[in-house]
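Chain order of the listed sequences is D and P. For the first sequence, position 123 (counting from the first letter as 1) is numbered 123 according to full-length UniProt numbering, and the numbering increases by one without interruption. For the second sequence, position 57 (counting from the first letter as 1) is numbered 57 according to full-length UniProt numbering, and the numbering increases by one without interruption. Beneath this line is the structure, given in structure tokens, with notes to follow.
2 protein chains.
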Amino acid sequence: MEKQPSFITQARREQIIEATIKALDEIGYKSISLAKIAKIAKVSTGLISYHFSDKEDVLNNTLVYLLKKQYDYIKEKVDESKSAYDQLITFIDTSLAYQGTHYVHNVALIEIIFNARTPDNIPYYKVSDDEEDPLYVLLQEILQDGQKTKEFSTFDTKNVSIIIQGAIGESMLMNQENFNLEAYKNELVTMVTKMVK
Amino acid sequence: MEKQPSFITQARREQIIEATIKALDEIGYKSISLAKIAKIAKVSTGLISYHFSDKEDVLNNTLVYLLKKQYDYIKEKVDESKSAYDQLITFIDTSLAYQGTHYVHNVALIEIIFNARTPDNIPYYKVSDDEEDPLYVLLQEILQDGQKTKEFSTFDTKNVSIIIQGAIGESMLMNQENFNLEAYKNELVTMVTKMVK
DNA sequence: ATTTATTTTGATCAGTCAATCAGATTTTAT
DNA sequence: ATAAAATCTGATTGACTGATCAAAATAAAT
């Protein structure tokens, strides 16, 4: 039986993870150092090594933390809707809204996904599979449900998931000044409706 | 008047840039070093410094090189089509095809865009504007043309450009094994047709 | 053939950083 | 109160890397 980590350990780990997120936003993956994380978290560098096996372990845990937060946020909202169509719109709305409300988290997510590599040196963005990624699974399930209930027409749910996720993801990369998130949301909802109905 | 770089200089610079692309694919932006680039290019580290001001200069020139290659490839094909609709389909086809034929170039492009930062530490992916990016401009022009000639319905060309570019870009990140690029291309063309017609 | 300019090498230097660890501090158990 | 365990610090170490530069090799000019 595994021993539960103490509350102090849990709190420290979260504190270090939050500092890592902030550091990723400020200086990026390439320049991040344990010293920088320690400074933001206001702890010593040694403490990071005490709570994590190494730097990679810190970043892996930060990635898991970020993915879970994002998924939980979206999943909770989607579950409030009943029809497949409403769920689909909620999925889009919430995904886009998350970018506004959790901007720094999104930046950190991008920084890790496009830099972290598996032990055999394969980048995460090449690994991340639409069959593993819970958000992809959720979106595909919504589309499949809609086809079952005849709300949606016939199309390949996997490919349409990729189109929608791509359209959502692309807006993350938009320059905030020249970009009207609300207008984009409306346009995307209109277009997705044309696609699936 | 500026002196033209000699042929040797031009050839060496391209050799180093091609080695950089290969290195980015192999070990990624984070781990890339002048020593690694030098090893792949089969030259000494000092030679890189002789032809480029610093490491950042190497990567900036590699980015420009990659963007130009991609744009030229797509632009040439698009210009062969006449109607706006044909151009739009060609744009999608060619963009997706480029990923297949120039896979390593695409990986290198991703590695740089999501890591390189401006002197004031702003990531390129936050800078890259749909108003500057030639590919975005090209796509928006196609959409605007189609609206002028009544081939397309009314919609916001900027936002729809983002949707289409997102759908194209997302497929770059797909695991090659479980992903049928040809089927995706067909689905995307179908969906984009529904969107713009 | 000789001088001058260009190109290339690889050793060296200075700086950075991840990881370690001996010892200090705090918490928990007895 | 005391011992044991857990938590934390910050200096140190060893490895790595970008950039420099003196000297060598090559090419071009005279």
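Even glycine gets a Cβ: it sits at the ideal position worked out from N, Cα and C.
- Here the segment 124–141 of chain P does not lie against the segment 42–60 of chain P, with fewer than 3 beta-carbon pairs under 8 Å apart.
- Not flagged as an interface residue toward chain P: Lys68 (chain D), since no C-beta distance is shorter than 8 Å.
- Proximity to Ala41 (chain D) across D:Ala97, D:Phe152, D:Lys30 and D:Arg12 peaks at D:Arg12, based on C-alpha coordinates.
- Between Met191 (chain P) and Gln99 (chain P), the C-beta spacing is not below 8 Å.
- Cα atoms of Lys150 (chain D) and Ser83 (chain D): separation of roughly 11 Å, rounded to the nearest angstrom.
- Taking C-beta atoms as the reference points, Phe155 (chain D) and Glu187 (chain P) count as a pair closer than 8 Å.
- Residues of chain P with a Cβ closer than 9 Å to the Cβ of Lys75 (chain D) do not exist, since the nearest Cβ in that chain sits about 21 Å away.
- Scanning chain P for C-beta atoms nearer than 7 Å to the C-beta of Glu170 (chain D) yields Ile162, Gln165, Gly166 and Gly169, reported in chain order.
- Distance from the CA atom of Tyr29 (chain D) to the CA atom of Asp54 (chain D), rounded to whole angstroms, is 15 Å.
- Cβ-Cβ distances below 7 Å link Asp25 (chain D) to Val104, Val107 and Ala108 in the same chain, with the five nearest sequence neighbours on each side left out; the list follows chain order.
- Among the CB atoms of chain P, one or more fall inside 8 Å of the CB of Asp129 (chain D).
- For Arg12 (chain D), there are no neighbours in chain P by C-beta distance under 9 Å, as the nearest C-beta there is about 26 Å away.
- If you draw a straight line from the Cα of Lys77 (chain P) to the Cα of Thr90 (chain P), it comes to about 7 Å.
- Around Thr45 (chain P), the same chain offers Leu34, Ala35 and Ala38 as residues with beta carbons nearer than 7 Å, after the five sequence neighbours per side are excluded.
- Within chain P, not a single residue places a beta-carbon under 7 Å from that of Ala84 (chain D); the smallest gap is close to 18 Å.
- Among the bridge pairs identified by DSSP, Arg117 (chain D) is matched with D:Pro123.
- In the three-state reduction of the DSSP assignment, Gln15 (chain P) falls in the helix class.
- Contact between Ile92 (chain D) and Ile162 (chain D) does not hold, since their C-beta atoms are separated by about 14 Å, which reaches or exceeds 8 Å.
- Judged by their CB atoms, Tyr85 (chain D) and Gly166 (chain D) are not nearer to each other than the 8 Å cut-off.
- With 16 or more neighbouring CB atoms inside 10 Å of its own CB, Phe52 (chain D) falls in the buried class.
- Between Lys185 (chain D) and Phe152 (chain D) the beta-carbon gap is near 20 Å, outside 8 Å, which marks them as no contact.
- Using beta-carbon distances, Ala97 (chain P) does not count as an interface residue toward chain D, since no partner is under 8 Å.
- Taking C-beta separations shorter than 7 Å and ignoring five residues to either side along the sequence, the partners of Gln87 (chain D) in its chain run Val78, Ser81 and Ile142, following chain order.
- Its chain contains Leu24, Tyr29, Leu59, Thr62, Leu63, Leu66 and Tyr124 as the residues whose beta carbon lies nearer than 8 Å to that of Ile112 (chain P), once the 5 sequence neighbours on both sides are disregarded; these appear in chain order.
- Leu139 (chain D) sits close to Ile164 (chain D), with the two beta carbons spaced by under 8 Å.
- Under the three-state reduction of DSSP, Glu132 (chain P) is assigned to coil, being neither helix nor strand.
- By the C-beta density criterion, Ile122 (chain P) is exposed, having fewer than 16 other C-beta atoms within 10 angstroms.
- None of the residues of the segment 37–66 of chain P has a beta carbon lying less than 8 Å from any beta carbon of chain D.
- Judged by DSSP in its simplified three-state form, Asp72 (chain D) adopts helix.
- Using beta-carbon distances, Gly28 (chain P) counts as an interface residue toward chain D, with a partner under 8 Å.
- Between Lys158 (chain P) and Asp133 (chain P), the gap from beta carbon to beta carbon reaches 8 Å or more.
- Here the alpha carbons of Met195 (chain D) and Met195 (chain P) stand approximately 7 Å from one another.
- Residue-level contact by beta carbon fails for Phe152 (chain D) and chain P, as no gap is shorter than 8 Å.
- Going by beta carbons, Asn115 (chain P) and Asn175 (chain D) fall outside the 8 Å limit.
- Taking 8 Å as the upper bound for CB-CB distance, Ile16 (chain P) and Ile48 (chain P) are in contact here, some 6 Å apart.
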